[in-house]
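Undergrad: Residue numbers (the UniProt record's numbering), protein chains in the order written: chain A, 1 to 308; chain B, 1 to 308.
So, in structure tokens, the structure goes:
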């Protein structure tokens, strides 16, 4: 049975994400798997690199518990890994308590600092007197409540059943429709086939000449490739040097995507492919190869003397 | 006396940053000031917006304790604020203990999760047996050690004197030359004058048409403006819509920078100016206006009939 590492401990949003990825077995080719929590994103990825695990599920955008920048750095450094699936989870927080605890009994509330920050306004209104403390994860907060070290925890819905707690209040996030995106990554191998609505992600190192990033984006724009995300990250150990994380609609098997990537390869210092996989959002279809195919046929006819 | 909010509590890297900014009084116009810790980046900025504080010091890039993405969102939303100065601090961690504690006595070690992550390899080698726990800040870890709740803390160098602790080991960060950047922000007012080596920062919302970001970057590239950072952030409450945080060399008072910003204003949905201020790094001078000035003079002569 394949073994999948995820950012633990049990009951985190990342466990919820990996469960959803496995339920959609066509996306992953991993119908059943053993789920094993990892201490950090870096540890989860390194366990895949070493072969100890077959895949890892990690947050990549807008995460509650993981530092997403650490995920990006961990994917860009070290032996190559590629994403084969993504999923998105609404950031939903519940206030969990031991059974029988009422709101007026809550003197202390605990969670990961990022989670506390995302329910700050709700707490100000509904539990203004409760003292706040920090844990390393939302699950650790649930454990603290179960063990009587705090009265209430801010957690993912999954944590209630996992740790035998009651829901004092549900859906308390200040921003109602925030979403976190997760990737399932493996060692390089067969790329999942195009579905017509895919996303591709790469890391690019350009020279620091003026206009070098504009040139990269022009290569995409000229071929009708729609960017969905861009982020520059300082290259570790050399402040001032940057690499760019780019997500865009389309699949590496498509002609217009492939031609854009080949162009980057020609004029960038480094291009690392981080995967093509089905999109989890309603962001619309991949761009079309139709015009590229027609133009290639036209060129072939010209070259063979069949037309002018 | 002006009052400056910073991401607290006392002894954090942000306090160290604001002390450095005040020492360089020409950069800030704030020779002496009262420093008041704030609970979060958002709280620090809101205190400036409301007039309760005169300025705030917050981490903006590569931070250890603050979530930097939360700083960016807090600057882009709400009433406008502008940065008037920046400073950079090396990310230096020391292991702090109560006086007399030896390495072999350390059974428990505590800090902010981001700080523990950045000394992970050092701890594996030097304190492999110590149990780790999390606090909300590196300063809270120093307090925990002082109060006997843990044997060692991973802290900024400032925390040792602040909390009366001893240095068991200095400079233990896994990456030696990591740097965090901080901004000093105020309510909009006079822009600091150009120094010849400045940075300007803006937030831009483009339409989601293919090539809209490439068009933005081309406006910079065509005028010789050198980007130093770019990041897309989802706009809160509408996943899939993005705004772009752009840092670049130069000052809004310069012709080539002003012309580029005016071009963005013409074809972007929104452009928010977040400040022009002296660069804290050795990133080189602002671009030159020389060619712009000569061309403007030439055009004026043409228009007046003075030449052709």
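Beta carbons are placed, not taken as given, at the ideal position from N, Cα and C, and that holds for glycine.
Owing to the predicted nature of the structure, the values given are computational and were not obtained by experimental measurement.
Between B:275, B:262, B:257, B:267, which lies nearest to residue 293 of chain B when the distance is taken from Cα to Cα?
TA: Here residue 293 of chain B refers to the residue found at position 293 when the second chain is read from its first residue. For the residues B:275, B:262, B:257, B:267, the minimum Cα distance to residue 293 of chain B belongs to B:257.
Undergrad: Give the C-beta separation of residue 1 of chain A and residue 39 of chain A to the nearest angstrom, bearing in mind that I take them to be a contact with Cβ-Cβ under 8 Å.
TA: Locating residue 1 of chain A in the first chain gives position 1, where the first residue counts as 1. Locating residue 39 of chain A in the first chain gives position 39, where the first residue counts as 1. With a Cβ gap of about 22 Å, residue 1 of chain A and residue 39 of chain A do not count as contacting.
Undergrad: Can you name the residues that DSSP bridges to residue 247 of chain B?
TA: The residue labelled residue 247 of chain B in the question sits at position 247 within the second chain. Its beta-bridge partners are B:201, B:229.
Undergrad: If I measure Cβ to Cβ from residue 160 of chain B and keep anything under 6 Å in the same chain, skipping five residues before and after, which residues do I get?
TA: Reading the second chain from its first residue, position 160 is the one you call residue 160 of chain B. Cβ within range, chain order: 96, 167.
Undergrad: In terms of residues, what are the limits of the alpha helix (DSSP H) holding residue 77 of chain A?
TA: For the purposes of this step, residue 77 of chain A is taken as residue 77 along the first chain, with counting starting at 1. Looking at the DSSP string, residue 77 of chain A is not in any alpha helix (DSSP H), and its letter there is neither H nor E.
Undergrad: If we cut at 7 Å on Cβ distances, does residue 113 of chain B have a partner in chain A?
TA: Here residue 113 of chain B is taken as the residue at index 113 of the second chain, counted from 1. Chain A, which has a Cβ nearer than 7 Å to the Cβ of residue 113 of chain B, makes this yes.
Undergrad: Taking Cβ-Cβ distances below 9 Å as the criterion, which residues of the stretch 77-109 of chain B are in contact with chain A?
TA: Within the stretch 77-109 of chain B, 88 place their CB atoms closer than 9 Å to a CB of chain A, listed in sequence order.
Undergrad: Pick from B:212, B:197, B:198: whose alpha carbon is nearest that of residue 204 of chain B?
TA: Here residue 204 of chain B refers to the residue found at position 204 when the second chain is read from its first residue. Nearest option by C-alpha distance: B:212.
Undergrad: Count the CB pairs spanning the stretch 169-184 of chain A and the stretch 88-95 of chain A that are closer than 8 Å, and state whether there are at least three.
TA: yes
Undergrad: Do residue 21 of chain B and residue 44 of chain B count as a contact pair if the criterion is CB distance below 7 Å?
TA: As a working mapping, residue 44 of chain B is identified with position 44 in the second chain. As a working mapping, residue 21 of chain B is identified with position 21 in the second chain. No, the Cβ-Cβ distance between residue 44 of chain B and residue 21 of chain B is not below 7 Å.
Undergrad: Helix, strand or coil, according to DSSP, for residue 87 of chain A in the structure here?
TA: Within the first chain, numbered from 1, the residue matching residue 87 of chain A stands at position 87. Strand, per DSSP.
Undergrad: Taking 6 Å as the cut-off, is the beta-carbon of residue 91 of chain A closer than that to any non-hydrogen atom of the ligand FMN?
TA: As presented, the structure is devoid of all ligands, the ligand FMN included, so that no description of it is given.
Undergrad: Quick one: does residue 224 of chain B have its CB under 7 Å from some CB of chain A?
TA: Residue numbering aside, residue 224 of chain B sits at position 224 when the second chain is read from its first letter. Yes, contact with chain A.
Undergrad: For residue 32 of chain A, count the other beta carbons within 10 Å of its own beta carbon; 16 or more makes it buried, fewer makes it exposed. Which is it?
TA: Working through the first chain from its first residue, we reach residue 32 of chain A at position 32. Residue 32 of chain A should be labelled exposed.
Undergrad: Using three-state DSSP, classify residue 93 of chain B as helix, strand or coil.
TA: In the second chain, the residue the question calls residue 93 of chain B occupies position 93. Here residue 93 of chain B sits in coil by DSSP.
Undergrad: When you compare the CB of residue 232 of chain A with every CB in chain B, is at least one pair closer than 7 Å?
TA: Counting from one through the first chain, the residue named residue 232 of chain A turns up at place 232. So yes, residue 232 of chain A belongs to the interface.
Undergrad: Taking only three categories from DSSP, how would you classify residue 217 of chain A?
TA: On the first chain, residue 217 of chain A is found 217 positions in, with the first residue counted as 1. Three-state DSSP puts residue 217 of chain A in a helix.
Undergrad: Beta-carbon of residue 31 of chain A versus every beta-carbon of chain B: anything under 7 Å?
TA: On the first chain, residue 31 of chain A is found 31 positions in, with the first residue counted as 1. Not one chain B Cβ lies under 7 Å of residue 31 of chain A.
Undergrad: Give me the Cα-Cα distance between residue 53 of chain A and residue 187 of chain A, rounded to the nearest whole angstrom.
TA: In the first chain, the residue the question calls residue 53 of chain A occupies position 53. In the first chain, the residue the question calls residue 187 of chain A occupies position 187. Their backbone Cα atoms lie some 10 Å apart in a straight line.
Undergrad: Is the beta carbon of residue 72 of chain B less than 7 Å from the beta carbon of residue 279 of chain B?
TA: Taking the second chain and counting its residues from 1, one reaches residue 72 of chain B at position 72. Taking the second chain and counting its residues from 1, one reaches residue 279 of chain B at position 279. No, these two residues do not count as a Cβ contact at 7 Å.
Undergrad: Helix, strand or coil: how does DSSP classify residue 136 of chain A here?
TA: Here residue 136 of chain A is taken as the residue at index 136 of the first chain, counted from 1. Residue 136 of chain A falls in the coil class under three-state DSSP.
Undergrad: Which residues in the same chain as residue 18 of chain B place their Cβ atom closer than 7 Å to its Cβ, once the five residues preceding and following it in sequence are excluded?
TA: If you number the second chain from 1, residue 18 of chain B lands on position 18. So the qualifying residues of the chain are 4, 6, 35, 57.
Undergrad: According to the neighbour-count rule (16 or more other Cβ atoms, all chains shown, within 10 Å of its Cβ), is residue 125 of chain B buried or exposed?
TA: One-based indexing of the second chain puts residue 125 of chain B at position 125. Per the 10 Å Cβ criterion, exposed.
Undergrad: Does the stretch 126-145 of chain A come close enough to the stretch 97-113 of chain A that 3 or more CB-CB pairs lie under 8 Å?
TA: yes
Undergrad: Kindly list, in the order they appear in chain B, the residues whose Cβ is closer than 7 Å to that of residue 211 of chain A.
TA: Residue 211 of chain A sits at position 211 when you count from the first residue of the first chain. Simply 221.
Undergrad: Return the first residue and the last residue of the alpha helix (DSSP H) that residue 36 of chain B is part of.
TA: Against the second chain, residue 36 of chain B aligns to sequence position 36. Unbroken run through residue 36 of chain B is the beta strand (DSSP E), 34-38; no alpha helix (DSSP H).
Undergrad: Just checking: is the beta-carbon of residue 217 of chain A within a distance shorter than 7 Å of some beta-carbon in chain B?
TA: By 1-based counting over the first chain, the position of residue 217 of chain A is 217. Cβ-Cβ to chain B under 7 Å: yes for residue 217 of chain A.
Undergrad: For chain B, is any of its Cβ atoms less than 7 Å away from the one on residue 229 of chain A?
TA: As a first step, residue 229 of chain A is located in the first chain; it is residue number 229 there, counting from the start. Closer than 7 Å to some Cβ of chain B, the Cβ of residue 229 of chain A qualifies, so yes.
Undergrad: Between residue 30 of chain A and residue 37 of chain A, what straight-line distance do the alpha-carbon atoms span, to the nearest angstrom?
TA: Counting from one through the first chain, the residue named residue 30 of chain A turns up at place 30. Counting from one through the first chain, the residue named residue 37 of chain A turns up at place 37. For residue 30 of chain A and residue 37 of chain A, the distance between alpha carbons rounds to 17 Å.
Undergrad: Taking Cβ-Cβ distances shorter than 8 Å, what residues in chain A pair up with residue 195 of chain B?
TA: As a working mapping, residue 195 of chain B is identified with position 195 in the second chain. The contacting residues do not exist; residue 195 of chain B stays about 18 Å from chain A at best.
Undergrad: Rounded to a whole number of angstroms, what is the C-alpha to C-alpha distance between residue 221 of chain B and residue 214 of chain B?
TA: Stepping through the second chain from its first residue, residue 221 of chain B is reached at position 221. Stepping through the second chain from its first residue, residue 214 of chain B is reached at position 214. When rounded, the distance between both Cα atoms is 10 Å.
Undergrad: Does residue 134 of chain B come within less than 7 Å of chain A when only Cβ atoms are used?
TA: Translated into positions along the second chain, residue 134 of chain B becomes position 134. So, interface residue.
Undergrad: In three-state terms, what does DSSP make of residue 195 of chain A?
TA: Translated into positions along the first chain, residue 195 of chain A becomes position 195. Three-state result, residue 195 of chain A: coil.
Undergrad: What is the rounded straight-line gap between the Cα of residue 298 of chain B and the Cα of residue 277 of chain A?
TA: Sequence index remark: in the second chain, residue 298 of chain B carries index 298 (1-based). Sequence index remark: in the first chain, residue 277 of chain A carries index 277 (1-based). So the alpha carbons of these two residues sit roughly 54 Å apart.
Undergrad: Checking contacts by CB at 7 Å: is residue 214 of chain B closer than that to chain A?
TA: Within the second chain, residue 214 of chain B is the residue found at index 214, counting from 1. By this cut-off, residue 214 of chain B is an interface position.
Undergrad: To the nearest angstrom, how far is the alpha carbon of residue 272 of chain B from that of residue 75 of chain B?
TA: Locating residue 272 of chain B in the second chain gives position 272, where the first residue counts as 1. Locating residue 75 of chain B in the second chain gives position 75, where the first residue counts as 1. Using only the alpha carbons, I get a separation of about 10 Å.
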